[in-house]
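2 protein chains.
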Amino acid sequence: MNFTTSEENYIKSIYHLQQETGTVNTNSLAAEMHTRPASVTDMLKKLKAKKLLQYERYKGFKLSDNGKKLALEVVRKHRLWEYFLVEILEFDWDKVHPIAEELEHISSDELIQRLEKFLGNPSFDPHGDPIPDRNGKIPVLNQLNLSEVPDKKAVTVSSVSNQTAQMLEMLKHYKIALGTQLQVLQKFSFDGSLEIKVLKQSPCIISEQVAKNVFVHYES
Amino acid sequence: MNFTTSEENYIKSIYHLQQETGTVNTNSLAAEMHTRPASVTDMLKKLKAKKLLQYERYKGFKLSDNGKKLALEVVRKHRLWEYFLVEILEFDWDKVHPIAEELEHISSDELIQRLEKFLGNPSFDPHGDPIPDRNGKIPVLNQLNLSEVPDKKAVTVSSVSNQTAQMLEMLKHYKIALGTQLQVLQKFSFDGSLEIKVLKQSPCIISEQVAKNVFVHYES
DNA sequence: TATTATTTTTAGTTTTACCTAAATTTTATT
DNA sequence: AATAAAATTTAGGTAAAACTAAAAATAATA
Numbered sequence: 062m063n064f065t066t067s068e069e070n071y072i073k074s075i076y077h078l079q080q081e082t083g084t085v086n087t088n089s090l091a092a093e094m095h096t097r098p099a100s101v102t103d104m105l106k107k108l109k110a111k112k113l114l115q116y117e118r119y120k121g122f123k124l125s126d127n128g129k130k131l132a133l134e135v136v137r138k139h140r141l142w143e144y145f146l147v148e149i150l151e152f153d154w155d156k157v158h159p160i161a162e163e164l165e166h167i168s169s170d171e172l173i174q175r176l177e178k179f180l181g182n183p184s185f186d187p188h189g190d191p192i193p194d195r196n197g198k199i200p201v202l203n204q205l206n207l208s209e210v211p212d213k214k215a216v217t218v219s220s221v222s223n224q225t226a227q228m229l230e231m232l233k234h235y236k237i238a239l240g241t242q243l244q245v246l247q248k249f250s251f252d253g254s255l256e257i258k259v260l261k262q263s264p265c266i267i268s269e270q271v272a273k274n275v276f277v278h279y280e281s
Numbered sequence: 062m063n064f065t066t067s068e069e070n071y072i073k074s075i076y077h078l079q080q081e082t083g084t085v086n087t088n089s090l091a092a093e094m095h096t097r098p099a100s101v102t103d104m105l106k107k108l109k110a111k112k113l114l115q116y117e118r119y120k121g122f123k124l125s126d127n128g129k130k131l132a133l134e135v136v137r138k139h140r141l142w143e144y145f146l147v148e149i150l151e152f153d154w155d156k157v158h159p160i161a162e163e164l165e166h167i168s169s170d171e172l173i174q175r176l177e178k179f180l181g182n183p184s185f186d187p188h189g190d191p192i193p194d195r196n197g198k199i200p201v202l203n204q205l206n207l208s209e210v211p212d213k214k215a216v217t218v219s220s221v222s223n224q225t226a227q228m229l230e231m232l233k234h235y236k237i238a239l240g241t242q243l244q245v246l247q248k249f250s251f252d253g254s255l256e257i258k259v260l261k262q263s264p265c266i267i268s269e270q271v272a273k274n275v276f277v278h279y280e281s
């Protein structure tokens, strides 16, 4: 079947919201989509009619299997294009999101397969988010929140959950990017801030708020 | 200013039609767009209001300077994406048109500038059509129609004007592609067909209809 | 020139994706 | 449990881009 850009965007937003909450409600989807609850209700009916959604009025909703499949296809395209923009066209990683929002709706399957191959079948996008494969399977990495890392342990940054321009600007300042190696020197229980040492940099202190959004992994 | 995909497609079609005829009429544009004359009239009013068109009802129309500028931007994007699809993603040249039709509407200027640079600032797309530069300037190549080439002269294929799947399939059969070197051995005045010799191939005969759509150049 | 044919435009609909305002259902609170 | 608050849906409307059918303007022809 064939879906509009708008339908794909709704499905993608529902997918992201239900990752956190299991089931999604009208108001939060309206907020996420920068639209009105009434518009969401309209679209929910369409998506239900297309069997992308489990939805009973006033009861919240979540994606059907078809819906999840579509969501993963869109997420896959988005992240492959982000990878292309950063690794091939050398965009800064904090500039690529809005462009990938457009590119993710280009319909050709063959395009995505060839792009993936050209990029070398990457598993993670430039923000560290996993890229679903063509069957919708998502690669997993044993990641740990930076605020939970034991002191002195050498870890590598693998993803950042808050990807606002403000956050990415801060990380750039601290010279933290994906793949950056660092250690936690100590934790201050007063405000949850951390003293860290980024490889080849002087130690510095980051707030709990920043730490909570940074995920790392280490060889076990 | 900001334009819809539909507006961009109309502008592009008008541009192509007026290359041949100078001024364009409603019916031919409707045919080109696979739409109805009434729909064209509706859009003409919008495009005129946006100052992209010189248009008086019942009198035909052509692009304004703004319209030409927009058309060249869209053509530029289309051809750069075609180049990308063929040269980087290794698509067959007869498969890329519909995909480029979608990609040409991605809005980011920076994307196109980086893409162009990554591709090495190509001047001609895989069909031999010139790629306008960021100022809308179109590179020119001294091309000659294959049916007008003097006998025995060694020439190089530089573009193909009919880019239907059928034509491209034929050319593939004859092992003719952009950059192919060939000679005309003789012309048959009976039906205008040509005997040609493609480099490293046995001589073969092509119809006048094919020859009229193939353009070549040679070092002067 | 009068008439016919063609081209183009107008008028009125449809679909998609939004909107506001008002009604309804669910949830929370006294 | 009754009422207030919040969330959700319905009703009715708009704008973009298409459509059909009919009217109007232009071009072609007897």
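Protein chains in written order, with this note's numbering: chain A, 62 to 281; chain B, 62 to 281. Cβ atoms here follow ideal geometry from the backbone N, Cα and C, with glycine treated the same way.
Using a 10 angstroms sphere on the CB of residue 260 of chain B, the tally of other CB atoms stays under 16, which defines it as exposed. Every beta strand (DSSP E) of 3 residues or more that sits fully in the segment 239 to 273 of chain A is shown, in chain order, as 242 to 248, 255 to 259, 265 to 267. At least one CB of chain A lies nearer than 8 Å to the CB of residue 175 of chain B. Contact with chain B is found for residue 163 of chain A, since one of that chain's Cβ atoms lies less than 8 Å from the residue's Cβ. Residue 278 of chain A: not part of any alpha helix (DSSP H); member of the beta strand (DSSP E) spanning 275 to 278, first to last residue. Looking at the backbone, the Cα of residue 228 of chain A and that of residue 134 of chain A are separated by about 27 Å. Counting C-beta atoms within 10 angstroms of its own C-beta, residue 136 of chain A has 16 or more neighbours from the protein chains shown and is therefore classed as buried. Comparing alpha carbon positions, the residue from A/66, A/215, A/126, A/99 closest to residue 119 of chain A is A/99. For residue 204 of chain B, there is no enclosing beta strand (DSSP E), as DSSP marks it with neither H nor E.
The Cβ neighbour count for residue 153 of chain B, taken over all protein chains shown within 10 Å, is under 16; the residue is labelled exposed. Its Cα nearest to that of residue 274 of chain B, the residue B/237 stands out among B/237, B/249, B/106, B/246. Annotation: Cβ neighbours of residue 160 of chain B in chain A (cutoff 9 Å, chain order): 167, 168, 169, 171, 172.
When secondary structure is reduced to three states using DSSP, residue 87 of chain B falls in the helix class. Nearest C-alpha to residue 156 of chain B among A/147, A/175, A/163, A/159: A/175.
In this structure, residue 151 of chain A keeps its C-beta atom at 8 Å or more from the C-beta atom of residue 186 of chain A. Taking C-beta separations shorter than 6 Å and ignoring five residues to either side along the sequence, the partners of residue 116 of chain B in its chain run 105, 109, 122, following chain order. In this structure, the alpha-carbon of residue 215 of chain B lies about 46 Å from that of residue 161 of chain A.
Each of B/79, B/68, B/81 was checked against the Cα of residue 107 of chain B, and the nearest Cα belongs to B/68. Inter-residue distance for residue 233 of chain A and residue 87 of chain B is about 54 Å (C-alpha atoms, whole angstroms). Under the DSSP assignment, residue 136 of chain A falls in the alpha helix (DSSP H) whose first and last residues are 126 to 144. With a cutoff of 8 Å on beta-carbon distance, residue 253 of chain A and residue 230 of chain A are scored as not near each other. With a threshold of 16 other beta carbon atoms within 10 Å, residue 218 of chain A meets it and is buried. Chain order gives the chain A residues near residue 150 of chain B as 172, 175, 176, 179, where near means a beta carbon separation below 8 Å.
In this structure, DSSP gives residue 147 of chain B a helical state, which the three-state scheme calls helix.
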